[in-house]
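Written below as structure tokens is the structure these notes are about.
Residue numbers (the working numbering): 4 to 157.
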């Protein structure tokens, strides 16, 4: 089955929202392209402000172990640069111990929604790792609606 590959990130300043989307049969090169778009969008955020993020991984499938390994650290490591600890990061004990959190250019992430097609995984993450400011969804539409309505203070 051929799937469309999506590797894009957009910054919506009026909503204070980053939407990053990776979907399809993804290779390591695709992940590198996606990560560049993710970082480029984050660079557009004004210094000393806050943002929220929707990580849409619905339809994502790494084509091999190298792609999966490259992918799995992008979100937690990038968001750590903006003071956000992704709920599931403690699943990876060794990596979690070495992570450092900072506020690049004074910017702080204050909320996150994650969507993925693996309902079992998302239900588990929601049960174990969700908080009032972070949730895990099987349905990308629900994730988008939740994060768009999450209030953030300046």
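All residues carry an ideal CB built from backbone N, CA and C; glycine is no exception.
Just so you know, these numbers come straight off a predicted model, no measurement behind them.
Looking at the strands, I want to know which residues DSSP matches up with residue i.
i: residue 62; result: DSSP, once it has assigned bridges, lists no residue as partnering residue 62.
i: residue 13; result: 22
i: residue 111; result: 53
i: residue 28; result: 64
i: residue 133; result: Its beta-bridge partners do not exist; DSSP assigns none.
Relative to the alpha-carbon of residue i, which residue among the options has its alpha-carbon at the smallest distance?
i: residue 12; options: 26, 18 and 44; result: 44
i: residue 108; options: 37, 31 and 51; result: 51
i: residue 97; options: 113, 110, 76 and 114; result: 76
i: residue 117; options: 60, 131 and 64; result: 60
i: residue 106; options: 48, 120, 150 and 135; result: 48
i: residue 40; options: 140, 10 and 123; result: 10
i: residue 38; options: 104, 79, 153 and 135; result: 79
i: residue 87; options: 93, 104 and 71; result: 104
i: residue 124; options: 94, 29 and 101; result: 94
Between which two residues does the beta strand (DSSP E) holding residue i run?
i: residue 140; result: 137-140
Can you tell me where the alpha helix (DSSP H) with residue i in it begins and where it stops?
i: residue 119; result: Looking at the DSSP string, residue 119 is not in any alpha helix (DSSP H), and its letter there is neither H nor E.
i: residue 181; result: Residue 181 lies beyond the range of the chain shown here (4 to 157); nothing can be said about it.
Could you name each continuous alpha helix (DSSP H) segment of 4 residues or more that falls completely within the segment 47-96, going from the start of the chain to the end? 68-75 and 77-83
Count Cβ pairs between the segment 104-120 and the segment 48-63 that sit closer than 8 Å; are there 3 or more? yes
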